[in-house]
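J.: Have a look at this one before I ask anything.
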Amino acid sequence: MRFKAQIHNIHTFTKLTASLNSLGPLAWLKLGDEQVCFTIIPEQGTQVWAVLSIDAIFDTYAVQSAANNVINLEVPLGPLNRALKSALNATSAQIRLTKKDNIPLLALTIATTSSNNSYSAFPTGGSRDDGTMFHDQFAANRETIITQEVPVRVLAPDTVSGLHEPQTREPDVHIILPPLMQLKSISDRFTKLALAGAKTSSGAAATRTRLDMAANMHGCLRMSIKTDAMSISSVWTDLANPELDPSQVANGDMGIAEHPSTRMKLLGSADGRSEEGWASVRIDGKDWGKVMSVGRLGGRVIACFCHEHALILYVYLPTDGGEDESVLTYYISSYSA
Amino acid sequence: MVVLNFTLTPEAASKIHDLLVCLGKFSDTVAIEARRERLTFTALNSSKSAYAALTLEGKQFFSTYECIPSHGGLDGRFACSMYTKALLSVFKGRLYDPLGRDGAIDRCEVSVQDRADETQCRFIVKMICNQGVIKTYKLTYEAVDVMHALFDRNSATNRWSMNAGAMKEYIEFFGTKTEMLDIFAGEDGRAVFKSYTEKISNGKEILKHPLVTAVAVNTSDFEEFKVQPGLHIVISVKDFKAIVIHADTLKTSLKAYYSHPTRPLQFSYGCDGLLCEFTLMTSGDYNGATAPTPAPAPQIASRVASRAVSAATAEARDNRSMPPPVEPASRRSARREVGSRQPSSPPTRPQDDPESLFVNQGEEEDTQWEPVDYNNEEEALGWDASTDRNAGNFATFQDSGSFSRSDGVQGNADSMEGIAPTQRVSQIKGLW
Amino acid sequence: MDEEDELPLLTAVSSSARQLYLLLRCINFAEKAHVQINEGGLQFSVDEASVMEGSAFISKDLFTTYTFRAPAPQRPSQREIGDSDDEEDEDPDETLPTFQISLPALLETLQIFGLTDTNTSKPPWARDNPASTATGGAFTNNVLGMNNMCRIAYDAPGSPLSIVLTEATIRTTCNLTTYEPAFNEEIPFDRQALALKTIMRGTWLYDAVSELSSTSPEKLTLWARTRGRKPYFALSSSGTLGSARVEFNNTPIRPPPPSNPPADTPPPASNLLETFQLSDPTSTFRASYKFSLIQRAARAMSVATKVSVRVDEQGVLSLQFMIEVEAGKVSFVDFRFVPLVEEDENEGDETQFLGGEGEESDGSVMEDEDERRA
Numbered sequence: 001m002r003f004k005a006q007i008h009n010i011h012t013f014t015k016l017t018a019s020l021n022s023l024g025p026l027a028w029l030k031l032g033d034e035q036v037c038f039t040i041i042p043e044q045g046t047q048v049w050a051v052l053s054i055d056a057i058f059d060t061y062a063v064q065s066a067a068n069n070v071i072n073l074e075v076p077l078g079p080l081n082r083a084l085k086s087a088l089n090a091t092s093a094q095i096r097l098t099k100k101d102n103i104p105l106l107a108l109t110i111a112t113t114s115s116n117n118s119y120s121a122f123p124t125g126g127s128r129d130d131g132t133m134f135h136d137q138f139a140a141n142r143e144t145i146i147t148q149e150v151p152v153r154v155l156a157p158d159t160v161s162g163l164h165e166p167q168t169r170e171p172d173v174h175i176i177l178p179p180l181m182q183l184k185s186i187s188d189r190f191t192k193l194a195l196a197g198a199k200t201s202s203g204a205a206a207t208r209t210r211l212d213m214a215a216n217m218h219g220c221l222r223m224s225i226k227t228d229a230m231s232i233s234s235v236w237t238d239l240a241n242p243e244l245d246p247s248q249v250a251n252g253d254m255g256i257a258e259h260p261s262t263r264m265k266l267l268g269s270a271d272g273r274s275e276e277g278w279a280s281v282r283i284d285g286k287d288w289g290k291v292m293s294v295g296r297l298g299g300r301v302i303a304c305f306c307h308e309h310a311l312i313l314y315v316y317l318p319t320d321g322g323e324d325e326s327v328l329t330y331y332i333s334s335y336s337a
Numbered sequence: 001m002v003v004l005n006f007t008l009t010p011e012a013a014s015k016i017h018d019l020l021v022c023l024g025k026f027s028d029t030v031a032i033e034a035r036r037e038r039l040t041f042t043a044l045n046s047s048k049s050a051y052a053a054l055t056l057e058g059k060q061f062f063s064t065y066e067c068i069p070s071h072g073g074l075d076g077r078f079a080c081s082m083y084t085k086a087l088l089s090v091f092k093g094r095l096y097d098p099l100g101r102d103g104a105i106d107r108c109e110v111s112v113q114d115r116a117d118e119t120q121c122r123f124i125v126k127m128i129c130n131q132g133v134i135k136t137y138k139l140t141y142e143a144v145d146v147m148h149a150l151f152d153r154n155s156a157t158n159r160w161s162m163n164a165g166a167m168k169e170y171i172e173f174f175g176t177k178t179e180m181l182d183i184f185a186g187e188d189g190r191a192v193f194k195s196y197t198e199k200i201s202n203g204k205e206i207l208k209h210p211l212v213t214a215v216a217v218n219t220s221d222f223e224e225f226k227v228q229p230g231l232h233i234v235i236s237v238k239d240f241k242a243i244v245i246h247a248d249t250l251k252t253s254l255k256a257y258y259s260h261p262t263r264p265l266q267f268s269y270g271c272d273g274l275l276c277e278f279t280l281m282t283s284g285d286y287n288g289a290t291a292p293t294p295a296p297a298p299q300i301a302s303r304v305a306s307r308a309v310s311a312a313t314a315e316a317r318d319n320r321s322m323p324p325p326v327e328p329a330s331r332r333s334a335r336r337e338v339g340s341r342q343p344s345s346p347p348t349r350p351q352d353d354p355e356s357l358f359v360n361q362g363e364e365e366d367t368q369w370e371p372v373d374y375n376n377e378e379e380a381l382g383w384d385a386s387t388d389r390n391a392g393n394f395a396t397f398q399d400s401g402s403f404s405r406s407d408g409v410q411g412n413a414d415s416m417e418g419i420a421p422t423q424r425v426s427q428i429k430g431l432w
Numbered sequence: 001m002d003e004e005d006e007l008p009l010l011t012a013v014s015s016s017a018r019q020l021y022l023l024l025r026c027i028n029f030a031e032k033a034h035v036q037i038n039e040g041g042l043q044f045s046v047d048e049a050s051v052m053e054g055s056a057f058i059s060k061d062l063f064t065t066y067t068f069r070a071p072a073p074q075r076p077s078q079r080e081i082g083d084s085d086d087e088e089d090e091d092p093d094e095t096l097p098t099f100q101i102s103l104p105a106l107l108e109t110l111q112i113f114g115l116t117d118t119n120t121s122k123p124p125w126a127r128d129n130p131a132s133t134a135t136g137g138a139f140t141n142n143v144l145g146m147n148n149m150c151r152i153a154y155d156a157p158g159s160p161l162s163i164v165l166t167e168a169t170i171r172t173t174c175n176l177t178t179y180e181p182a183f184n185e186e187i188p189f190d191r192q193a194l195a196l197k198t199i200m201r202g203t204w205l206y207d208a209v210s211e212l213s214s215t216s217p218e219k220l221t222l223w224a225r226t227r228g229r230k231p232y233f234a235l236s237s238s239g240t241l242g243s244a245r246v247e248f249n250n251t252p253i254r255p256p257p258p259s260n261p262p263a264d265t266p267p268p269a270s271n272l273l274e275t276f277q278l279s280d281p282t283s284t285f286r287a288s289y290k291f292s293l294i295q296r297a298a299r300a301m302s303v304a305t306k307v308s309v310r311v312d313e314q315g316v317l318s319l320q321f322m323i324e325v326e327a328g329k330v331s332f333v334d335f336r337f338v339p340l341v342e343e344d345e346n347e348g349d350e351t352q353f354l355g356g357e358g359e360e361s362d363g364s365v366m367e368d369e370d371e372r373r374a
């Protein structure tokens, strides 16, 4: 079992792990020949299935294993994120799977030029004397080398064989979300309002942070919440409902004609004032706040609403124009009324 | 009756703040020992494995300084102990405002009101601000006997010195929860600072294990580096961080002096009439690597309580009897000490560690994306006790698998809806 | 039913929500606030256990349009800004709409769009411009960012209070449940019989109260007296770790600081205490209040241009804050506090400040007092 790669997009990798860490402390990392997959399946709350093209993060990537050159690891995201952060200003960063005292590790080797390396140009007398015999060997190597060791667990192939990405029915409404910072700001306020309401009344707080999210096929997104003290809703208009690609839909053009979203197009209005044509879900405000953490990656987000069933977010990592898009898929199920 | 009066410039008062912050990381209480020529803040941590003495020169550090101990002649001294927190509430941050805005202090006058009647003993700090505002604090104190750690620099043949700012960059790489720091003099022209925690070898616990971070620095990056090659020495990473961060506020170089593991190590730095010395217990080598490690002298524990009076004269004379300021060194005691000190230091949340190197623009922006902690109301100015959301709810895949496999919901997976969008691990058939 | 009944009792539109937010935030210490709508504006008031009350008046001048249709004939309100003490003419006018709403909910709503500002991830006290907590500094980017349309409407008794905020392509509608008013006795304050009155900058008071809070005190004591002809005003408190006192002397101690103060700071007043009146200049005034209650006015202190500190003969403390919500527009926020019953004179640490003992180092300030007592 061998894994070794050069990290070429440290910022993306760091933000990715930070976003995932919001949802759960541990990820299943699947290192394959062509893709790298991160999966978070918390006991409660939103699941994330992220599929990254290798060159979205890595360079000179090499993975070998007895199981079709696939390695499955269980990775603690907090330490991994912390380790990656120390590489943000690195001149180079390498990650590899290794073992120490029988514990498997992801080891990051990071080379940085710290401000102190300027001393090396003018070494003070004493230190050079001591180092003379090794001087030749390291004359060219003036960088500070940081190694970070993240303990991991290696998962056997049959351990992960039972994990499947959720399947959902065709969505009723799909829409491109507004900037996530807007969405997060408002949903955080709503959640705070709900919690403030819960403090004064007797209801259990858990049931009171339910946000109502809805969208229609006319570019409107609505978020609302109701407490004893108030009801509040925010409506975005002029958002885009992307066209479905016949090649991606079962039965092509026929499939599109019968697609739930086609029917939804006939209902509702673009000013968001009509009560018709909304596909809505009830989600937990706190969980949504964790999902919104992905906004730091700055990708385009398409939300698919399956009325009263689920909300699926597709977060597309910004690429340099490459064909292989990397996608994070968030599965959020709707609470019943 | 003792006479102790001194005056501080805003800059000096601000330095008092900085040093109190540092001492607060070692102990809840700080002792002040005033002599005719100088004043020393000392702190000893609860496990007595770390001792700090920060000395302010009367003539150099203060605007005016007057100390007439009530007895003891030229060697006399006045000593008292106070809560670090109480002093910090007086010597707040930002005392020194170069712009001289409203509320900035003009000078700080300190005096001691020491009466036979104990209830009237007060440490009086008067902040004279611009425009006629005067803030006066009267703090209670306790008379104490100050203890001193002895350290013999002559026997400390290993020494190095490095710019504190550079050192601060290195400590930022350390994981947040690590306990130990191994300083290793490699034989390849590098010195390695390795932060780690004693192994937790229990299966599932592995993933909770804090990061192990090794920073390999070219010895040529040191201002001075004279250490026996191959020597490991282990101290508390928290102590080290506290020291480096404080040294960095003074923009000075940090000097280390040590002999070998289980013997004390001293860090020293200072400038402008402020001399800081930290004497730390050390322990043996990381991973049991071999090194010339003489057994610790068993008698040292009793020497801890040696009084200052003896310390003043004994210092640097008798090499052989220089004890570390600690109970006999062992890793166990070091760890216990680290744990016990935690409540006194303000908890730092991993994602917004105020001392973090990573507070660059990207990071500022990044915090906005963190989920809101709704328990942390903006009005609440107290310490945030909720430190780490990683601490709780640390279920591994395996944990949940054993949780409730036969939940009776497998049937749903076959329905037309497919697997529920947020399937629970425990709902997946035949997973583990 | 004539058609007037179908029109809302109140419609008020503002191009921004920030003034409302700024003023109401000052009294955000209770779950519910009383709202009274009148010709001149909206009066918000909150109280706690009848020992403290706070009120903010949102003048109609702060709105671009303000249409109030009085439900029945009534006298025109006499109320004007700058005259906000005139509660006398508030003879219980049953016809003025009065109700309660959730104040925290209203405040959260008002800043819905403020959060898109990048600075708001930090707590308010840590936002940029920490240097000037003075008037100018109160307007952080957060507040300035609330550049949206805010419409407030109240249709009829029993209706919700509705707030509609629009910004670009986002529209937020909030309906606040209105509750029956609960009539609390307001704390009587006799402005005809004042024991003390002084006016100072809000930030001076803010700074003093924050300073004293470090002793974790239970109570705050005000001291005032005239020495020679110079006014002296001090706040003191004591806790387990010691005691602290902040004093204001109208004797400039040193010339202005060498570097120029920031441009947004008002020109330094020649006197810390602009007005200073004692009913009995020959004695020392002293009164104590519950510290935690005074602290609730901290937000108002931090944003106020000026604060008028008044205590009546009964010891009731009135803090009246003048807040400049935007250039040239001044609003007032009022607080009243019931005093703590003073115990015996010699009650420990605090009295030391004015006692005969241990004042060597304070000689210059305290000498009169010491002489008088001697």
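Protein chains in written order, with full-length UniProt numbering: chain A, 1 to 337; chain B, 1 to 432; chain C, 1 to 374.
Each residue gets a CB set at the ideal place from its N, CA and C atoms; glycine is no exception.
Beta-carbon separation of residue 381/C and F332/C under 9 Å?
T.: Residue 381/C is absent from the structure shown; chain C starts at 1 and stops at 374.
J.: Within 8 Å, do at least three Cβ pairs link the segment 77 to 86 of chain A to the segment 157 to 172 of chain A?
T.: no
J.: Interface residues of chain B around R142/A at Cβ under 9 Å?
T.: Residue 142/A sits at position 142 when you count from the first residue of the first sequence. Near R142/A (Cβ distances below 9 Å), the residues of chain B are N218, S220, D221.
J.: Please list, in chain order, the residues of the segment 210 to 237 of chain A that have any C-beta partner in chain C closer than 7 Å.
T.: D228, A229, M230, S231, I232, S233, S234, V235, W236, T237
J.: Show which residues of chain B have a CB atom less than 7 Å away from the CB atom of S214/C.
T.: Start at 1 with the first residue of the third sequence, and residue 214/C comes out as number 214. Close partners of S214/C in chain B (Cβ separation under 7 Å): S89.
J.: Chain B partners of E211/C, CB-CB under 7 Å?
T.: In the third sequence, counting from the first residue as 1, residue 211/C sits at position 211. What E211/C touches in chain B: K135.
J.: Buried or exposed for H246/B, going by 16 or more other Cβ atoms inside 10 Å?
T.: Numbered from its first residue, the second sequence carries residue 246/B at position 246. H246/B should be labelled buried.
J.: Report the three-state DSSP secondary structure of C220/A (helix, strand or coil).
T.: Counting from one through the first sequence, the residue named residue 220/A turns up at place 220. Correct three-state label for C220/A: coil.
J.: Check whether the segment 5 to 13 of chain B touches the segment 21 to 28 of chain B, taking contact to mean three or more Cβ pairs, one atom from each stretch, closer than 8 Å.
T.: no
J.: Return yes when at least one heavy atom of the ligand ATP lies under 8 Å from the C-beta of K4/A, else no.
T.: Only the bare structure without any ligand can be found here, which leaves the ligand ATP out of the picture.
J.: When you compare only the Cα positions, how much space is there between S179/A and T172/C?
T.: On the first sequence, residue 179/A is found 179 positions in, with the first residue counted as 1. On the third sequence, residue 172/C is found 172 positions in, with the first residue counted as 1. For clarity, residue 179/A is Pro in the given sequence; the question names Ser instead. P179/A and T172/C: Cα-Cα distance of roughly 16 Å.
J.: If you draw a straight line from the alpha carbon of T329/A to that of L88/A, how long is it in whole angstroms?
T.: Against the first sequence, residue 329/A aligns to sequence position 329. Against the first sequence, residue 88/A aligns to sequence position 88. Distance between the alpha carbons of T329/A and L88/A is about 26 Å.
J.: Mind reading off the beta-carbon distance from T144/A to L84/A? Whole number of angstroms is fine, and I expect it under 8 Å.
T.: Taking the first sequence and counting its residues from 1, the one referred to as residue 144/A is at position 144. Taking the first sequence and counting its residues from 1, the one referred to as residue 84/A is at position 84. No, T144/A and L84/A are not in contact; Cβ-Cβ is about 17 Å, not under 8 Å.
J.: Quick one: Cα of H307/A to Cα of L297/A, how far?
T.: By 1-based counting over the first sequence, the position of residue 307/A is 307. By 1-based counting over the first sequence, the position of residue 297/A is 297. For the pair H307/A and L297/A, the Cα-to-Cα distance works out to about 27 Å.
J.: What does residue 376/C reach in chain A if we use C-beta pairs closer than 9 Å?
T.: Because chain C here runs from 1 to 374, residue 376/C falls outside it and cannot be looked at.
J.: Can you tell which of M217/A, T191/A, F305/A has its C-alpha closest to the C-alpha of K226/A?
T.: Indexing the first sequence from 1 puts residue 226/A at position 226. Looking at the Cα atoms, T191/A is the closest of the given residues.
J.: My understanding is that F91/B touches A34/B, with C-beta atoms under 8 Å, so please give their C-beta distance in whole angstroms.
T.: As a first step, residue 91/B is located in the second sequence; it is residue number 91 there, counting from the start. As a first step, residue 34/B is located in the second sequence; it is residue number 34 there, counting from the start. Incorrect: roughly 16 Å between the Cβ atoms, too far for contact.
J.: Tell me which residues of the segment 262 to 277 of chain A have at least one Cβ-Cβ distance to chain C shorter than 8 Å, keeping chain order.
T.: Within the segment 262 to 277 of chain A, contact with chain C at the beta-carbon level (separation under 8 Å) is assigned to G272.
J.: Straight-line CA distance for Y289/C to V372/B?
T.: Against the third sequence, residue 289/C aligns to sequence position 289. Against the second sequence, residue 372/B aligns to sequence position 372. Distance between the alpha carbons of Y289/C and V372/B: 36 Å.
J.: Which of the three DSSP states is assigned to P8/C in this structure?
T.: Here residue 8/C is taken as the residue at index 8 of the third sequence, counted from 1. Looking at P8/C - three-state DSSP - the assignment turns out to be coil, as it is neither helix nor strand.
J.: Counting along the chain, where does the alpha helix (DSSP H) carrying D158/A start and finish?
T.: Taking the first sequence and counting its residues from 1, one reaches residue 158/A at position 158. Residues 157 to 160.
J.: Anything in chain C within Cβ reach of A196/A, meaning under 9 Å, just list it in chain order.
T.: To locate residue 196/A, count along the first sequence from 1; it is residue 196. By Cβ distance, chain C contributes E31, S102, P104, A105, E108.
J.: Taking the C-alpha atoms as reference points, what is the distance between V246/C and C108/B?
T.: Along the third sequence, one-based indexing puts residue 246/C at 246. Along the second sequence, one-based indexing puts residue 108/B at 108. So the two alpha carbons sit approximately 14 Å from each other.
J.: Is there contact here, the segment 167 to 175 of chain A with the segment 226 to 236 of chain B, by at least three beta-carbon pairs under 8 Å?
T.: no
J.: Name the chain C residues that come within less than 7 Å of L139/B, Cβ to Cβ?
T.: Taking the first residue of the second sequence as position 1, residue 139/B is located at position 139. Those within 7 Å of L139/B in chain C are L241, G242.
J.: Tell me whether N260/C sits in a helix, a strand or coil according to DSSP, three-state version.
T.: As a first step, residue 260/C must be located in the third sequence, where it is residue number 260. Legend: pLDDT at N260/C = 48, less than 50; position of this residue unreliable, value from coordinates given subsequently. In the structure shown, the three-state DSSP call for N260/C is coil.
J.: Between S318/C and S302/C, is the Cβ-Cβ spacing less than 9 Å?
T.: Residue mapping note: residue 318/C aligns to position 318 of the third sequence, counting from 1. Residue mapping note: residue 302/C aligns to position 302 of the third sequence, counting from 1. Taking 9 Å as the Cβ cut-off, S318/C and S302/C do not qualify as a contacting pair.
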